[in-house]
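What follows is one structure encoded as C-alpha cells, with my remarks underneath.
Chains as they are written, first to last, in the numbering used here: chain A, 76 to 563; chain B, 76 to 563; chain C, 7 to 442; chain D, 7 to 442.
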C-alpha cells in the first residue's frame, strides 16, 4: 500500500460515525468559550477510515508477525490471545465505582500482588505505575519520602550504571537528584571500586539492573547492595531483565529494598506500539508505608482499598493499568511456578543458543567473554571496521527480510552494537532463521557495502533523510506544520 | 511473506493449546474402534500457529482492504464492524435451548422476517437457508411441494435464464427438474418469445433474476410472471441483485410467488472467504404452508417456534445462520427505510458513474446500450481482438495494483467479460482509482501484450500453472496427496 | 448528515457525479422500471438507530433477553471449547470480508483452505476433502448422492440412530429420486442387523450415532456394502478422531459430517460447516460438487500456487451439467477448523478424545440406571430414559440447567464435552436425583 | 506436554540445542549466580490453569464478581461511547504486539501516531503535540515542568477546581523543586480572582474544571500570565473541543490533558493517555520530554517517511541530560484517538459536544435546586450538594445506579455523557427525589 496521510483522503461532508441527537434543548454558548471555526479534521466514511488504518497496520510488524528477538532489553514475548479476550470483561468498569461492585478485579489486583511479591521476595507490591519508567519514578519518590521521614532529606545523590535503562538516571534527575553513573569494568560489570568511591552520606540510593543489558549476571550484586546499605542508602532493583531468572533468584535474596518489574516485558502484556504498559513496584517491609496509595487489602470478608500511612500518594488515575494487570495475572496463572521456571530456563537456553549462532558469523562479537542470561549486546565492530557498514545500516537491511533489531541505548559503550533477546517464545527454527539472515547481511556487507548502505529495498518506504527533523525551520511534527512549511 | 505449508513448520512434541485432564477414569477402547496410529497433524507452539495464519491473512484481500467493486453480482459492500461485535453475545446460545431462554434472538428473527417481508412485499420469509443457493434449493423444494399438494406433481420443467446465477439451473436440476434456459435477446434481456415457447403444462416454475448480472432491469418482468402463471407455474425471484432497487420496486409488485435474498450481498453480512452466508426465502400467502420449519411466531406474550402444516421440513441445523441474521438485522436497523433507499440510489449512481468511466477506456465496452441498475457486465472484446490479451489476464495484472475483478460465470455469453458492481460503499475517489487502474492496464496491453500476459509481478506468488489440477495423476487436493505424488 | 456507510450520498459528491455522467437525477437510472412496479410509498420499517451507540444499546437490550445456563445440550451442535486463536484468525478483516478473489490476490484464503482440507485428510486418512459445504446435513445428503451417482443406483440404507432434523433434510434432498430405507437400531444402541442387495447404492452409518454410541461393526458393514457393489458412507464428527478409528480404517468409501466441533461457537446454530472426504479415486472425485483446492506449481521453482482441482465437475463451470451445485457455503469455518487442528496437533486431539470419553462415562455412571445403552461405548452423548422427559427438563431449568435435548416423551439426550467439569456433572446428577 | 507458550521446552529440541552449544544442562548458564542468591525451593504460586479453557472459566468467575450499573461516574474517567472501529484497529495484532521498530518496518505505527498528533493539532490549533505520555496527570505535571524550565522559575498557580488525585500526583512530581500555590474557586465554580508576580512560571487552569464548569476567563488569565513573563497552561479534555474554543484561541501557551474520552474504554482506569501541545516555538519544543514524530522525505520524491523530531531532547539520547524521561507510555491509545477523531470529523465533534452540553443542562435542570454552580456553563459534569452524600449514593446503589463520585461529605460529582439517554437521566432524577 502507498497510503496517503489521512487528511489527504478527506472529502467535505463525509462521516465515519453518527452521534445521537441531544434530545434536549440546545445550549447556546457565549463567544468567550465557543469555538470560532470548526477544526480541520479529516472527513471520511467509516469503511475508508477502517481501510486506511488496516492498511497502516499491515505496514507494521509485531511479535505476532515476525521473529521479534531483535528488540533486546524489551523482552518481546508472546502475549497469549486468550488474555486479550478478557479486555471486554473490564471495559466498562469505572475506577471509582464502589469497591463492593469491583470485587473480581480487586481480587486480581490482590492476587497478582501476592504472586509478584513471591516472585521477587518483596513484602508488598504496588501495581499502580503506568510503565517501567513510571515505576522507577515511583521508586525514587518512595526513596525520597523514606529518607525525609528519617530526617535524611539531605541525601541528594543517586548512583546508577551505564548499562541500566536510561530512565534510572533520567527519572532520578527529574526528581532532583544528582546522578553518578558507574561505568563497566574490564569484565563488563559495573565497577565495584567506582561504587565504593561513590557511596557516602549523600547517597540516597543505588538504581541497578541485573543482569544488565549486556546479559551478564553480576555475581557480586549482594556486595553492591551491602555497600550502599553501609552508608545508609537504599538499593533499588530495575528488574527489566528478570525473564531469565524467574524462580532462580529473587530481588530480596540479594538484599534489595525495593525494585520494579515491567509487566509488559517479563509478564507478557503486549507492547502496544509503546504502551499502555504497566510497572510493579515491590518494596521491603520498611518501605510499605510509603507505597503509592491506595493498595488493595483483604479485610477478611472482601477486598478494600487502603492508603498507606506515609504514601507518596496517587500517581495516576485509577488503581493501575488494569488491562495489563489482568493479562499479567492470567499469564502467571496459566504457567504456575514450574511454568515460570521453564520460561526462565528456556529463555536462557534460547539466548545462549542464539549467541552460539551469532558468534559464528564473521565480524560479529559479544564483548566480554562471559556467560549470558537473558540477552546479549553484540558488536559489529570488526565487520564495521572492515567494511565501513554501521550497525544501524545492517539493521535496516535486515528489515528487508522481515526482521529487525535494535542497536542499544545511547551512548554506544559497546561499539556498533546490536542487542538480541530471544525470550522463551521463539523456536529453534526461528533462531536459526534469524541468525541466518544476519549472516547473510554480514556477507552482503563484505561483498558490497554500498548495497547494504542503500537499504531498505523491500520496505514500505525507501531510505529516509532524517536531517529535516532536527531543523526547526523544516521539522513538521504535525500535518498542519507540514502544510505550512512545505506545501504552502 | 513466503509462508510454508503448515506441515512443513511442524516439530514433534510441540503444542498449540493444552487440553484439560479427564479427572475421571480413562476409558479403554476395543481395537475395532480405537485409532491405530496418531494422525499426522502439524505440531506447533501457539505463537507459531498464530503467526502462520496472520501472515496468510495478510496475503488476502477483502472489502476492508481494497476497492472491492470487481466481484460483480457479489455485492461486496461494507460490513459494519459494530455488527461483528454482536457475535460474542450469541456465541454460547444453543439452537435447541428452550424458547423462553432465547427470546432476544427469536425477536431478532421475527423482526428481520417482518422487515424483509416489507422490503420484498412477500407474506412470510424463512431465514433458515445457509446461503443464496441453499435458498434457491429451498424455493425449488417448496415449488415441488406446492405442485404435489395440488396434484400437479407431473410438472417437471424449470425455466431459467442465462444471466441468472448458475445455481438456479443447478439446484433445480439436482431436485430432478429438466432445465430450460432462456438466452438473451438483442436487447440483452431474456427472450420473452423463448419463454412463450417454453411454458406449458410441464412448467413447474420460472427462476429468474432481475436485474440480471448484466445490470439491465427487465421492464417486462410482470409479463414474464404472468406468462408462467397462465400455465399454472410459479414465478420465483432470485433477488441476488436487489441492492439497487431497495425501496424502489418489490418482488410482490411484479407478481412473484416466491423469491430469495442473499443476506451476505444485499444486507451486508461479510462474505467470509465464501461463507457462512445466509439466504432468506420469501413467499406469498399460498406458499406459507410449505415453508421450511420451524418459523418464529409471536403468540401475544412471547416468541414461539411453529412448523407450517405442509412444511418441506428442516433444511439445516438450527433456525438459520444466526450470526448473519443478527448482522443483517442490525444493518437494516441502522439505516431504516430512508437509509435503504439511499443505499439503492447511491449504488445505482455509483454503478452508472463507474460505467461512464469504464466506457471511456478504449477497448472496453458494455454490450447492449441500456441503462444499468446495480452492476454491469463489461467486455474487453475489442481490446482482446486488438492485443490478444484476455480478460482473465487483465484481471491478474490488475491484482498487481491491489484490486481485482471477476470475469463472469461460464459460459462467457458476453465475450472477454468482466463484471463490476460498486455498491453504495465506495467513494467517488475509489471508483476513479479503480477505473484508472483498468485504463492503465488496458494501455499496457496495447503497448506490451506479453508483459500483461506475464502478470502477476507484484503478487504473493508468481504465474501459476493450473494444468496439473485437472490431471488425476498429478492433482493434489491435500498435502498427503501432494507428498505421495510429488515428494516421494 | 451523510450516512457513515454511504460516502457518495453526500449531496456535493452526488451532484458532481451526476454532472459528470450527464444526467439530472438518480431517478433517470430507474427509467426502465415501469410505473406499475414502483413502490409509491416509503418502506414501512422501524425507525433506525443511526447513531452506532444507539444501535448497540438496542441490541444489548435484545441479547439481555436470552438466558444462558449450565447446558448439556448437544444433538448436533456442541459446546466444545473454542480457542482464542481461532476467533483471532477468523475475525481478521482480511479473511472475514474477502470473497472470491483469484489465487493471486487471495493466496491466503487458498492456502488456508488447502491446509484445512489437508489436516482433515490426515485425521480421516483420506486424500480428498472438500472446501466446506453448509453443514453436516448437506454433507450427508451430498455424500449419499455421490454414492448414488457413482453406483448408478437409487436406494440407500440409512441408520435410524440419526438426528430427526438431519433425516428431514435427507428426505427433502433425496427422496424425489432416491429411496431411503431405515436400518433398525439394536438394543445396545448400535446399527441393527441388515441385509442388502445389488440395488443399494450405499449404507449410511453414523458414529458416534444419535445416542452417542460408537459403532463397532464398521468393517462388517463395509464388507456388506462392497459385496453388493455399494459404498459405505460414514458420518462422523472429526473431533472424535484423535481416539476413534477414522472411517477409512474400516473400509468406508466416503466420510462426511459437521465440523462445528472444531473451533466454532454454537452461535444458535450458526457455527456449522460440512465436510465430505474420499480417497483419491478419480471416478469418485468426479462426483464432488464442492470446490477442491490443490497445489499447483508457479513460474518460480519450489513456490506453491493454488487452484481448483477438477473444476469441470462444478456448476460454476457447467451450470446444470455440473454435479449438484456450488456456491458460497462455509469457507471461513473451514479455515477456522484448520487453525483448531493446528493448535491441537495429534496429541491434543488424542487427549481431548480421552477426556471426553472419560467424562462421558463418568456422567453415565453418575446418572446410573436411567442411562440407556449403558453397555455400549459412548462418545460425548448418551440417552436417559425417564417417566416424564419434559417434566425433568423443566425441573432442571428451574435449577439453572439445560439438561439435554428431548428425543421423545421419555427420552433425553445428554451431552458432555471437555467443557463440562466433574463438578458440573455432579451438579446435574444431584439435580436429577432431586427431581426424580 | 510442552507448554504452548514455550516451544523449545520440548525435551528433544532442548537436548539438541544444548548439544549444539556444547553444554550439558541449562544449569550451566546460571553458574554466575552465587549459591547464596539461589532460591532453593519452587516458587509458592497457585496451581496453574494450563488448559486455556480452565483459565477462561476461572477468569470469568472472577469477572462475575464485578457489578455494573447505570453509572454517572466521571471525575477523570469517562463513559463515552467507543466506536467499534476503534477497537478493531487497536486489537490488530500488528499494532497490539509491536513495540519499537524503526520507521522502515514499523511505518504504520509512525504514520498512525503522526496522524493522531496531527488531528489533535487541528483540534487544539497547535502545531506540536507529543506522542502520548501516561495520562492526563503526567501530562499536567510535565506541562508545568516545561513552563518552569522554559521560564527558569519555580512557582506555579494551580486551579483548586482540580481532581484531588491529580493534585496529589502534581505534588509528588513537582513539589521537590516547584512551589504549588492554589487559586481560589469563585462561587460560580470558576477560577477565582488572583494576582501573580514575576516569580511565577505559569498559571495552570482547567476547563471544564473539576466541577464540569467551563472557564470563561481564559483570555484574561493568559494576559495576566504573559504580563508577568509566565505561561498559561490549560488542561482540557479534547472531547469538548468540537464546541468549546481551544486553549490556543485565548492565548494558552501549553495545552494538556487526558485522551481517554477519545475512543478508550474506562477499563477500571486502564484507558488513559496524556497529551501535551504547544505552538511550533523552538525553545518551548525543546522542553518536551516525549517523542515527537514528524514527516521526513525519502529517496523517492513525494513519499512520506517518518522519524523523531528533535531527538536530542530526550533521555534516550542523553540519559539524565535529556528532558525528564521517555519510555513506553500509551502509544496505542494515541493511535486509537486518531481513529476516533477520523471517524468523528469536525461535524461529529461538534454534534457530540452539543449533545453533551444539552444533556448536561437537561440533567442539571432535572435535579433542580441541589445543583451547585447552576449559573455556570457546564460540560459533562456538575456537582450537587446534599445533606448526606454517602447516604444518597448508597440509596442509589440499591436502585442499580452509581450516582456519582463523592467529593466531600455533602458533595457529589455527577457525570452525563452522550451515552446517557434522557430516560437514564430521568431515572436518576426520580431516584434522587425518592431518596431525598
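Glycine included, every Cβ here is placed at the ideal spot set by N, Cα and C.
Going along the stretch 86-97 of chain A in order, which residues come within less than 9 Å of chain C, judged by CB to CB distance?
Correct list: 86, 87, 88, 89, 90, 91, 92, 93, 94, 95 and 96.
Could you list which residues in chain D have their beta carbon closer than 8 Å to that of residue 120 of chain B, in chain order?
Per Cβ cutoff of 8 Å: 8, 10, 11, 12 and 13.
Give the secondary structure of residue 282 of chain B by DSSP, where H, G and I count as helix, E and B as strand, and everything else as coil.
The answer is strand: DSSP assigns residue 282 of chain B an E or B state.
Considering only their Cβ atoms, is the gap separating residue 125 of chain D from residue 116 of chain A smaller than 8 Å?
Closer than 8 Å, so yes.
Quick check on residue 311 of chain D: does DSSP put it in helix, strand or coil?
If DSSP states are grouped into helix, strand and coil, residue 311 of chain D belongs with the strands.
Give the list of continuous alpha helix (DSSP H) stretches no shorter than 4 residues that lie fully inside the stretch 111-158 of chain D.
Counting whole runs of 4 or more residues, the stretch 111-158 of chain D contains the alpha helix (DSSP H) stretches 113-130 and 142-157.
With burial defined as no fewer than 16 other Cβ atoms inside 10 Å of the residue's Cβ, what is the status of residue 225 of chain A: buried or exposed?
Exposed: under 16 other Cβ atoms inside 10 Å.
Is residue 59 of chain D close to chain B, meaning its C-beta is less than 8 Å from at least one C-beta of that chain?
Yes, contact with chain B.
Cβ closer than 9 Å: which chain D residues qualify as neighbours of residue 82 of chain A?
Simply 121, 124, 125 and 128.
Determine whether the Cβ of residue 236 of chain A lies closer than 8 Å to any Cβ atom of chain D.
By this cut-off, residue 236 of chain A is not an interface position.
Whether or not the stretch 124-139 of chain C and the stretch 128-145 of chain B are in contact is what I'm after, with contact meaning three or more pairs of Cβ atoms, one per stretch, closer than 8 Å; do they touch?
Too few Cβ pairs lie closer than 8 Å, so no.
Can you tell which of B/199, B/359 and B/213 has the C-alpha that lies nearest to the C-alpha of residue 389 of chain B?
Among B/199, B/359 and B/213, the Cα nearest to that of residue 389 of chain B is on B/213.
What are the residues in the stretch 159-185 of chain B lying within 9 Å of chain D by C-beta distance?
Cβ contacts with chain D: 159 and 160.
Determine, using beta carbons only, whether residue 195 of chain C and residue 167 of chain C come nearer to each other than 8 Å.
Result yes, Cβ atoms of residue 195 of chain C and residue 167 of chain C sit closer than 8 Å.
Using 8 Å for Cβ pairs, my map puts residue 525 of chain B next to residue 472 of chain B. What's the rounded Cβ distance?
Contact flag wrong, Cβ pair sits at about 12 Å.
Against residue 90 of chain D, what residues of chain B qualify as contacts under a CB-to-CB distance less than 9 Å, listed in chain order?
In chain order: 155, 156, 157, 158, 159 and 160.
Show which residues of chain B have a CB atom less than 9 Å away from the CB atom of residue 403 of chain C.
173, 175 and 176, listed in chain order.
Name the chain C residues whose beta carbon is nearer than 9 Å to that of residue 129 of chain A?
Going along chain C in sequence order, the residues near residue 129 of chain A (Cβ under 9 Å) are 99 and 100.
Given a cut-off of 8 Å, decide if residue 423 of chain B and residue 35 of chain C are closer than it, judged by their beta-carbon atoms.
For residue 35 of chain C and residue 423 of chain B, yes; Cβs fall inside 8 Å.
Do you know how far the Cα of residue 407 of chain A is from the Cα of residue 413 of chain A?
Looking at the two C-alpha atoms, the distance is approximately 10 Å.
Could you give the DSSP three-state label for residue 419 of chain D: helix, strand or coil?
If DSSP states are grouped into helix, strand and coil, residue 419 of chain D belongs with the strands.
Which residue's Cα is closest to the Cα of residue 99 of chain C: B/168, B/165, B/166 and B/159?
When each option's Cα is compared against that of residue 99 of chain C, the closest is B/159.
With a cut-off of 8 Å on the beta carbons, I'd call residue 194 of chain B and residue 325 of chain B a contact; round off their distance for me.
Rounded, the Cβ-Cβ distance is 7 Å, consistent with contact.
So, under 8 Å CB-CB, residue 396 of chain A and residue 205 of chain A are touching, yes? Tell me the CB distance rounded to an integer number of Å.
Right, the Cβ-Cβ distance comes to about 6 Å (below 8 Å), so this counts as a contact.
Report yes if the C-beta distance between residue 418 of chain D and residue 389 of chain D is below 8 Å; otherwise report no.
Cβ atoms of residue 418 of chain D and residue 389 of chain D: closer than 8 Å.
Cβ closer than 7 Å: which chain A residues qualify as neighbours of residue 500 of chain B?
Neighbours of residue 500 of chain B on chain A, chain order: 122.
Going by CA-CA distance only, name the one from B/428, B/131, B/545 and B/287 that's closest to residue 21 of chain C.
Among B/428, B/131, B/545 and B/287, the Cα nearest to that of residue 21 of chain C belongs to B/428.
Is residue 150 of chain D close to chain A? Criterion is C-beta to C-beta, closer than 8 Å.
Not one chain A Cβ lies under 8 Å of residue 150 of chain D.
Of the residues B/447, B/358 and B/393, which one's Cα is nearest the Cα of residue 489 of chain C?
Limits of chain C in this structure are 7 at one end and 442 at the other, which puts residue 489 of chain C out of reach.
Report the neighbours of residue 450 of chain B on chain A: residues whose CB is nearer than 8 Å to its CB, in chain order.
By Cβ distance, chain A contributes nothing, its closest Cβ being about 19 Å from residue 450 of chain B, past 8 Å.
Could you check the C-alpha separation between residue 274 of chain A and residue 311 of chain A for me, to the nearest Å?
Taking the straight line joining both Cα atoms gives about 14 Å.
Output the residue ranges of the alpha helix (DSSP H) runs that lie fully inside the stretch 84-158 of chain A and measure 4 residues or longer, sorted by chain position.
Those alpha helix (DSSP H) runs which fall completely within the stretch 84-158 of chain A and span 4+ residues are 121-133.
Pick out the complete beta strand (DSSP E) segments inside the stretch 234-262 of chain D, 3 residues or longer, and give them in chain order.
Segments of the beta strand (DSSP E) lying fully in the stretch 234-262 of chain D: 237-241.
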